[in-house]
Amino acid sequence: MVTFTIDVERCKGCGLCIAHCPRKLLSLSPNLNSKGFHPVRISDPEQCTRCLNCTTMCPDVVISIT
Amino acid sequence: MGWRYMAEIKKKLSAKKETSMPPSTQTHKRTFQRPKSLTDIPFRYCPGCGHGIVARVLAEVVDELGIREKTIGLAPVGCAIWLEDHFEWDMVGPAHGRGPAVATGIKRVLPDHVVLSYQGDGDLAAIGTAEMIHAANRGENITVIFVNNAVYGMTQGQMAPTSMIGQETTTTPGGRDAKRDGFPLRVCELLSSLEGAVYLTRTTITSPKHVRATKRAIRKAIELQMQGAGFTLVEVLSTCPTNWRMNPLQAMEWIEKEMVSYYPLGEIKGA
Amino acid sequence: MSEKILMKGNEAVGEAAIYVGCRHYFGYPITPQNELTAYMARRMNEVGGTFIQSESEIAAISMVFGAASAGARTMTSSSGPGISLKQEGISYIAGAQLPCVIVNVMRGGPGLGNISAAQSDYFQATRGGGHGDYYTLVLAPYNVQEMFDLTLLAFHMADQYRMPALLLADGILGQMREPLILHRPDFPPLPPKTWAVGRMKDRPMNLISSIRLGEGRLEAHNHDLQRIYDEVRKNEVRFEETHTEDAEVLLVAFGTSARVCLGAVTEGRAQGLRIGLFRPITLWPFPSEALVRHAEKVRSILVVEMNMGQMVEDVRLAVEGRCPIHFHGRPGGGLPTTREVLEKVREGL
Ligand SMILES: Cc1ncc(C[n+]2csc(CCOP(=O)(O)OP(=O)(O)O)c2C)c(N)n1
Ligand code: SF4
Ligand code: SF4
Ligand code: SF4
Ligand SMILES: [Mg+2]
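Residue numbers (the numbering used here), protein chains in the order written: chain C, 981 to 1046; chain V, 313 to 583; chain A, 27 to 375.
Shown next, in the form of structure tokens:
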């Protein structure tokens, strides 16, 4: 089981995680967070391989995977 | 970051060849959580700024080595001034460029501590050139984390000593001209002739592979410091999307296309 | 515990630093303070301290900033041109509320000037010296014994108030040799430096910084600093008076000028002149109130300096027109003589 947590308020929608997800699970949400950014969202956490590319590329420590 | 940007990311994704490793054979229990050495305060950097990646990686290394209570960090003048809010270890804010000299003072009082001088390119390679060279030459047992983003980030994008030839900045309209502005300064190579500098390496953050290499380099530098080896410096080619007037992905590509050929990656001086 | 020896002023400063546990000295060569740098190099070797000949005065004061951040007693020394370079660091040290001692063995300026003794850096010393709203403690010795004693005091006060202390000497004081009693001071104990970085154990992180971002934080910080400066003004004013009880003309001088004036007082008294000397020992805080008490009684004040008139401005500010104020100055390495001083005294009578 993958617990995939997105700290939506920290996300700045930079897209670096999205570009590096080999399974293309990530995208920007059409919603805005309180800072005015479109935060990242995950389509299907069960598909996540825990490659940690997203957490490695994220400049804002938004995603945790446990 | 505009919504239209998502379309651009998507385009890039589909253009990119699937580099995915077979998921099943990959590491099952790999986890990532916010490093304990980071405070709760969100980074104040612009979206996609490389400083965030470097700062997080540094916190991960300090956590993994279990040295938080023995670490003293320097938050330089420059965008990384914000680091004083972000690390859970003791921090000192030196004047612009004086990090290596301030680190020297700290380290001489507390030789069993790990002293980390985090610095930008303007800070380290322009105003702080003398302090950098002489700390290295004394073999001062400190580690410099040098974030080379080829521009003065905090002051809105002026030319840095490391700006590329032809690079547009607010003080090089029309691009950096070697005749007028000199050449991009290669810090690792410059320091490599100094006996006191034991480990000089250059990495980048343009892909997970490179970020991991950055982390390994930082870890190695700190371990060398803990062994008392001498002056260590990790140069990280990093992004300033805001002042480069690019989106974060374009900025990463710009490093690969423009910077890496001039600033070769890897150990410039090994230990 | 005390010992009497013959020593140069510059060396007396160094030995005092060693006496009060300064084990981290950083400096860059410049005349007329070179004896101090060399002395520290030798003594730090002997006591197992740190001596670094830095690449510049900017680096030296930055090293002081670092060592002070880590809680150590630390010192640097220089003369005019080097002190100018240190101003960046001194401002940061004041802003970050760090204790340290800076020694200025003054020479003549502006620019490179020359290496002979002068008092040309009074303005720079007593107005903070660098950018921003701050002061440093400024102590002005006038003999070798005071070079020692005031260095002891400078370290103590710097720690007590968490601010930089400046010892303002000059080339004559630095290089003269006089008998000196070495002694350990018995200052009251100081609180531990819990604010320093390092040795973290079960406490939140410590931050040493002069930057105050965020709405209102810098304004509050400036008010905090001013409260400390007010405390210092209240508690730490120091001066010495000689034959002031019945003086008609009051000489005001510090450091080497005060030595000349002491001679003038002795000579003048022998000639029947009623003159006295008021010698500020702390130049900041300046002994304004004490001076006002005299200004109400004397016929005039004569300020004597080895510059074109710097401290005289503080005297005027203090006295506020209560009596006439005259000035005699010799800049650029010139030394006022007792004869010149007595001539000026007669003019003032
Ligand atoms: C003595 C001094 N000069 C100039 C400045 C203004 N200043 C602040 S940050 C900066 C440039 C920082 O650039 P860099 O070191 O490359 O850091 P970055 O923001 O790019 O990470 C400058 C010139 C200053 N604070 N102090
Ligand atoms: S861990 Fe890997 S697979 Fe899972 S979301 Fe992140 S990048 Fe995609
Ligand atoms: S990399 Fe981080 S900040 Fe950027 S979009 Fe992904 S989660 Fe958000
Ligand atoms: S200005 Fe540049 S370096 Fe500074 S936070 Fe923004 S992107 Fe990062
Ligand atoms: Mg930069």
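Cβ coordinates follow ideal geometry from the N, Cα and C atoms, glycine included.
Considering only C-alpha positions, which residue in the set the options is nearest to residue i?
i: valine 127 (chain A); options: A:Val223, A:Leu244, A:Ala98 and A:Arg238; result: A:Ala98
i: glutamate 376 (chain V); options: V:Asp352, V:Pro347 and V:Glu396; result: V:Pro347
i: tyrosine 168 (chain A); options: A:Val39, A:Asp212, A:Phe149 and A:Tyr118; result: A:Val39
i: histidine 182 (chain A); options: A:Gly155, A:Asp212 and A:His157; result: A:Asp212
i: glycine 224 (chain A); options: V:Cys552, V:Val421, V:Ala438 and V:Pro560; result: V:Val421
i: asparagine 140 (chain A); options: A:Tyr161, A:Gln123, A:Pro215 and A:Ile56; result: A:Ile56
i: leucine 996 (chain C); options: V:Leu561, V:Ala415 and V:Thr484; result: V:Leu561
i: methionine 70 (chain A); options: A:Val330, A:Tyr51 and A:Gly156; result: A:Tyr51
i: proline 362 (chain A); options: A:Gly281, A:Ala180 and A:Asp250; result: A:Gly281
i: serine 80 (chain A); options: A:Glu245, A:Lys112 and A:Val73; result: A:Lys112
i: alanine 392 (chain V); options: V:Thr467, V:Gln479, V:Glu568 and V:Lys491; result: V:Thr467
i: glutamine 1027 (chain C); options: C:Pro1039, C:Thr1035 and C:Cys1001; result: C:Cys1001
i: tyrosine 255 (chain A); options: A:Asp147, A:Glu72, A:His320 and A:Asp159; result: A:Asp159
i: leucine 506 (chain V); options: V:Ser550, V:Tyr430, V:Asn449 and V:Val548; result: V:Asn449
i: leucine 375 (chain A); options: A:Arg325, A:Glu241 and A:Gly53; result: A:Arg325
i: methionine 173 (chain A); options: A:Leu192, A:Gly335, A:Pro218 and A:Arg188; result: A:Leu192
i: valine 548 (chain V); options: V:Pro412, V:Asn461 and V:Glu565; result: V:Asn461
i: glycine 432 (chain V); options: V:Phe355, V:Glu568 and V:Leu545; result: V:Leu545
i: lysine 581 (chain V); options: V:Tyr511, V:Ala529 and V:Tyr575; result: V:Tyr511
i: alanine 583 (chain V); options: V:Gln537, V:Ile439, V:Ala371 and V:Cys358; result: V:Gln537
i: threonine 416 (chain V); options: V:Phe543, V:Ala563 and V:Asn559; result: V:Phe543
i: arginine 133 (chain A); options: A:Arg285, A:Asp175, A:Thr177 and A:Gln59; result: A:Gln59
i: proline 136 (chain A); options: A:Val129, A:Ile109 and A:Ile119; result: A:Ile109
i: leucine 216 (chain A); options: A:Lys227, A:Ile301, A:Ala67 and A:Gln186; result: A:Gln186
Would you check if the distance between the CB atom of residue i and the CB atom of residue j is smaller than 9 Å?
i: cysteine 287 (chain A); j: leucine 277 (chain A); result: yes
i: valine 448 (chain A); j: leucine 309 (chain A); result: Because residue 448 (chain A) is not part of the residues shown, which for chain A are 27 to 375, the question remains open.
i: lysine 34 (chain A); j: glutamine 145 (chain A); result: no
i: isoleucine 585 (chain V); j: valine 369 (chain V); result: No statement about residue 585 (chain V) is possible, as the shown extent of chain V runs from 313 to 583 and does not include it.
i: arginine 514 (chain V); j: leucine 577 (chain V); result: yes
i: histidine 408 (chain V); j: glycine 385 (chain V); result: no
i: alanine 273 (chain A); j: valine 367 (chain A); result: no
i: histidine 446 (chain V); j: proline 496 (chain V); result: no
i: leucine 233 (chain A); j: aspartate 352 (chain V); result: no
i: arginine 382 (chain A); j: tyrosine 45 (chain A); result: Residue 382 (chain A) lies beyond the stretch modelled for chain A, which goes from 27 to 375, so this question has no answer here.
i: methionine 332 (chain A); j: proline 357 (chain A); result: yes
i: leucine 303 (chain A); j: glutamate 29 (chain A); result: no
i: valine 463 (chain V); j: asparagine 555 (chain V); result: yes
i: glycine 387 (chain V); j: serine 236 (chain A); result: Note that residue 387 (chain V) is alanine in the sequence shown here, rather than glycine. No, the pair does not count as a contact, with Cβ atoms beyond the cut-off.
i: threonine 484 (chain V); j: tyrosine 575 (chain V); result: no
Name the chain V residues that come within less than 8 Å of residue i, Cβ to Cβ?
i: isoleucine 986 (chain C); result: By Cβ distance, chain V contributes nothing, its closest Cβ being about 12 Å from isoleucine 986 (chain C), past 8 Å.
i: isoleucine 376 (chain A); result: There is no way to answer for residue 376 (chain A), as the model of chain A reaches only from 27 to 375.
i: isoleucine 78 (chain A); result: Thr416, Arg420 and Arg450
i: methionine 89 (chain A); result: Ala413, Val414, Thr416, Gly417 and Arg420
i: glycine 154 (chain A); result: Residues of chain V passing the Cβ test: none, with the nearest at roughly 15 Å.
Residue i versus chain C: which residues are under 7 Å apart at the beta carbon?
i: proline 354 (chain V); result: Arg990 and Asp1040
i: isoleucine 321 (chain V); result: Gly995, Ile998 and Ala999
i: valine 546 (chain V); result: Here the premise fails: no neighbours, minimum Cβ distance about 17 Å.
i: valine 523 (chain V); result: Thr1036 and Met1037
Confirm the yes/no value for this check: CB of residue i, any heavy atom of ligand 6, distance under 8 Å.
i: glycine 106 (chain A); result: Looking at this structure, you won't find ligand 6 anywhere; what it does contain is ligand 1, ligand 2, ligand 3, ligand 4 and ligand 5.
Below 8 Å on C-beta distance, what does residue i contact in chain C?
i: cysteine 391 (chain V); result: Residues of chain C passing the Cβ test: none, with the nearest at roughly 12 Å.
i: tyrosine 317 (chain V); result: Gly993, Gly995 and Leu1008
i: serine 519 (chain V); result: His1000 and Met1037
i: glycine 469 (chain V); result: Within 8 Å Cβ-Cβ: nothing; glycine 469 (chain V) doesn't reach chain C, min ~18 Å.
i: glycine 360 (chain V); result: Lys992, Cys994, Gly995, Leu996 and Pro1039
Taking Cβ-Cβ distances shorter than 9 Å, what residues in chain V pair up with residue i?
i: serine 1044 (chain C); result: Thr343, Phe344, Gln345 and Arg346
Using a C-beta to C-beta distance shorter than 7 Å, which residues of chain A count as neighbours of residue i?
i: glutamate 396 (chain V); result: Leu233 and Ser235
List, in order along the chain, the chain C residues whose C-beta lies closer than 9 Å to that of residue i?
i: leucine 549 (chain V); result: By Cβ distance, chain C contributes nothing, its closest Cβ being about 15 Å from leucine 549 (chain V), past 9 Å.
i: leucine 350 (chain V); result: Val1041
Residues of chain V with a CB under 7 Å from the CB of residue i: which are they?
i: serine 314 (chain A); result: By Cβ distance, chain V contributes nothing, its closest Cβ being about 33 Å from serine 314 (chain A), past 7 Å.
Check your reading: residues with Cβ closer than 6 Å to ligand 4 heavy atoms: V:Tyr357, V:Cys358, V:Cys361, V:His363, V:Cys391, V:Asn461, V:Gly465, V:Met466, V:Cys552, V:Pro553, V:Thr554 and V:Asn555
Contact residues within the segment 561-572 of chain V, judged by C-beta distance below 9 Å to chain C: Leu561 and Met564: these are the residues of the segment 561-572 of chain V whose beta carbon lies less than 9 Å from some beta carbon of chain C, given in chain order.
The segment 1026-1042 of chain C: positions lying closer than 7 Å to chain V by Cβ: Residues passing the 7 Å Cβ filter: Thr1029, Arg1030, Cys1031, Leu1032, Asn1033, Thr1035, Thr1036, Met1037, Pro1039, Asp1040 and Val1041.
Residues of the segment 413-428 of chain V whose Cβ lies closer than 8 Å to any Cβ of chain A, in chain order: In summary, the residues of the segment 413-428 of chain V whose CB is separated from some CB of chain A by less than 8 Å are Ala413, Val414, Ala415, Thr416, Gly417, Ile418, Lys419, Arg420, Val421, Leu422 and His425, in the order they occur in the chain.
Interface residues of the segment 399-411 of chain V facing chain A [CB-CB below 8 Å]: Answer in chain order: Phe399, Glu400, Trp401, Asp402, Met403, Val404, Gly405, Pro406, Ala407 and Arg410.
Members of the segment 213-232 of chain A that neighbour chain V once the beta carbon cut-off is set at 7 Å: Val223, Gly224, Met226, Lys227, Met231 and Asn232
Members of the segment 440-458 of chain V that neighbour chain A once the beta carbon cut-off is set at 7 Å: Ala442, Glu443 and His446
Contacting positions in the segment 363-383 of chain V - beta carbon closer than 9 Å to chain A: Arg380, Glu381, Lys382 and Thr383
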